[in-house]
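Participant: Structure in structure tokens, see below.
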Amino acid sequence: MANIFKKQYVYRVIGVSIATFFNVGHAAEIDFKPAVEINYIHVLDTEISQFNFSNHDVLTASPSFTLAGRSPNWQGSVTADHTQIKQIDDGFDDASYSNFAINNLLNMYKGRVNLTVNASRKNTNIDSSFGTVSDPIFGQSEYVDVDSVNSRLTLSTSSKSVWQNSLSLGVSKTIFDESQITDTTATTSNIVNGTTKTASASLGYGQRANQVRGALQASMSRTDRENRGEQDSISMYANIGVPIWRTIDLVLTGSKFKNLIENSVLDDEDLESESYGAGLAWRFGQRSNIEVTRNKETRGQDDEYTGYKLEFYPSARTSLSYEKSQRFYGESHAFRLQHQAKRWGMNINYDETLGSQTRFNRIEVSLGDFLCPADAATQDDCQPLAELPDAIDDGEFVAEFFQPEFSLDELVTLSKTGTASVNYRMKKANISFTYNRGETEYLETNAVRETSSRTFNYDHTMSRRNSFAISLSDSDSTEQGTGVSREGYKVDVSFKRKLTRKALGTIAFKRISNTTSTGQQDRRDTRVELTYRYAF
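So this is what it looks like as structure tokens:
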């Protein structure tokens, strides 16, 4: 019954989003683009746990459309697609899934008052860290439909004003049904059922040298988790700079972080941090400065520490920021580097956040012993046994099958995540590389999960009609304590040709692998795909 009410809420918001799109967009330029895509997949060879088979064929059909509109004060879009998966050979069930997204942006006053109203449904891997190497064709067992709606109102002053003030209010809701998960080796997911409300405000004064400057920032978020209740996060930061000599300022600073968590073994006071301090800042540009302060922590051990803050904008294309501070868990760091040149660009980020993740409690229910032929591909090729035979014939084997059942819980997490990406654009080709590494500590269980992923893409335009692409991805994760690990990779080499002005043909060679330390859901396969896409 609770899921019904949640879905009704989502449908109401989706209805409001659609109404906003058409009511505001009736006087705007509207562009409608339907398309259909047919995909034939021939699996050359496959290894699934203890089974091996080859020459399996799959056919998929995916109609889709994009509806986009724009006016002086509004822009919006509606996109939708549906994929039907037909297993031509026996051994696997047919499947289907749909995705859609509705986006609206209202500019209500000279770009200073903006309202966004968005809604979406996405069929996605419950373990997002393996999203780039998973397979929706044969891996639907760990895919779920995630419904999300969000809205945000933002108000800000003019960038030319001496005062730089802003206010942001937002609400979002995420829903998924765990009964859709047939099987997964994932133990946690950053997709959390619940509603999140956020509010943030900032007051800023002074941008020029030899001028008193000040900043006050406050933010609050409340996540109403489905199973564990509310998790609140409150943060405040204040900074005042007073010129004392040329571009040198005396700086006074203070910060406070507070977290309130329902139904948790964690003590809220252990998640608090509060400090104040003073120091010097050197302002070497209109927005560039470096700040060093000596601070005293007024929670916990009353420690003293040195804080650093750097903001550097050497050009409109380059920005660098770094901050070292103290939180309830010790030293805290934040780093961001962005650069975009004519041909190449890079982006490096590191951040630390306190949040929640969904925990999967898995129970293995035995289905009994089955007698399988040597060429069995799945459980459907085997026969259940009432009791084990005294002897089995050559070319047969006995296997025990299990059916997992899942229940959900939420755990408080401390996540440390770093991302680095580089891209280079040539006359007829683009190259990009992205590296992600993260560490998630589950504070209530003292467990730690480490993840990393790498993605390489090369796209080459051979001629007006022909293009060639290579995509390489791999991901891995390890849970300390349990020793459970998972690895996966995907190789995709494709050639595309424009058959007509509206038709596109693709031939692709793919190799996909997912393995775990438990042996559950292990799969490797090599396939060839032929795709025909027609845009009406």
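In our numbering, the protein residues as written are 114 to 649.
By construction, the Cβ of each residue, glycine as well, lies at the ideal position given by its N, Cα and C atoms.
1. Give the DSSP-derived three-state secondary structure of V289 in the structure shown.
2. What did DSSP end up calling E339 once you bin it into helix, strand or coil?
3. If you measure between the beta carbons of E477 and F515, is that distance less than 7 Å?
4. If we ignore side chains and look at the alpha-carbon of each, how far apart do Y548 and N462 end up?
5. Taking 7 Å as the threshold (C-beta atoms), are R335 and S269 in contact?
6. Would you say L524 and Y571 are within 7 Å of each other, going by their C-beta atoms?
7. So, helix, strand or coil for L384, using DSSP?
8. How many angstroms separate the CA atom of T311 from the CA atom of S285?
9. For R567, which option in S580, G551, F581, S586 has the closest C-alpha, if you only look at C-alpha atoms?
10. Per the DSSP calculation, S550 is bridged to which residue(s)?
11. What did DSSP end up calling F251 once you bin it into helix, strand or coil?
12. Compute the Euclidean distance between the alpha carbons of T301 and S469, then round it to the nearest angstrom.
13. Taking the alpha carbon of R637 as the reference point, which residue from K623, A648, Y645, T644 has its own alpha carbon closest?
14. Could you name the residues of the same chain whose beta carbon sits closer than 8 Å to that of M575, not counting the 5 residues immediately before and after it, in chain order?
15. DSSP on A115, reduced to helix/strand/coil?
16. Compare the beta carbon distance of K611 and A648 with 7 Å and say whether it is the shorter of the two.
17. Could you work out which residue in N340, L617, W187, R449 is closest to T471 when comparing CA atoms only?
18. Could you give the first and the last residue of the continuous beta strand (DSSP E) run that contains T639?
19. To the nearest angstrom, report how far apart S167 and T639 are at their CA atoms.
20. Mapping DSSP to helix, strand and coil, what is D493?
21. Taking the alpha-carbon positions, what's the S590 to A299 distance?
22. What residues in its chain sit with their C-beta under 6 Å from that of S432, if we drop five residues either side in the sequence?
23. Name the DSSP beta bridge partners of Q633, please?
24. Check whether the stretch 197-206 and the stretch 218-236 are in contact - that is, three or more C-beta pairs closer than 8 Å.
25. Would you kindly report the start and end of the unbroken beta strand (DSSP E) that includes N216?
Facilitator: Once the coordinates are examined:
1. The identity of residue 289 in the sequence shown is Phe, whereas the question assumes Val. Annotated three-state conformation of F289 is coil, per DSSP.
2. Of the three classes helix, strand and coil, the one that applies to E339 here is coil, per DSSP.
3. It is a contact, given that the beta carbons lie within the stated cut-off.
4. Straight-line spacing of the CA atoms in Y548 and N462 works out to 11 Å.
5. For S269 and R335, no; Cβs fall outside 7 Å.
6. No, these two residues do not count as a Cβ contact at 7 Å.
7. When secondary structure is reduced to three states using DSSP, L384 falls in the helix class.
8. C-alpha separation (whole angstroms): 9 Å.
9. Nearest of S580, G551, F581, S586 to R567, Cα basis: S586.
10. For the record, residue 550 in the displayed sequence is Arg; it is not Ser. Under DSSP, R550 forms a beta bridge with G531, S565.
11. Residue state, collapsed to three classes: coil.
12. Whole-angstrom Cα-Cα distance: 10 Å.
13. It is K623.
14. In its chain, beyond the 5 residues on either side, K541, F581 have a beta carbon closer than 8 Å to the beta carbon of M575.
15. No answer about A115 holds up, because its pLDDT of 44 lies below 50 and its placement is not dependable.
16. The Cβ atoms of K611 and A648 do not sit closer than 7 Å to each other.
17. Ranked by Cα distance from T471, the options N340, L617, W187, R449 are led by N340.
18. T639 -> beta strand (DSSP E) spans 636-648.
19. Going from the Cα of S167 to the Cα of T639 covers about 9 Å.
20. Secondary structure of D493 (DSSP, three-state): helix.
21. In a straight line, the C-alpha of S590 is about 10 Å away from that of A299.
22. Cβ neighbours of S432 within its own chain (closer than 6 Å, five residues either side excluded): Y426, Q451.
23. As far as DSSP is concerned, Q633 takes part in no beta bridge.
24. Under the 8 Å Cβ criterion, the stretch 197-206 does not count as touching the stretch 218-236, having fewer than three qualifying pairs.
25. In the DSSP assignment, N216 falls within the unbroken beta strand (DSSP E) covering 208-220.
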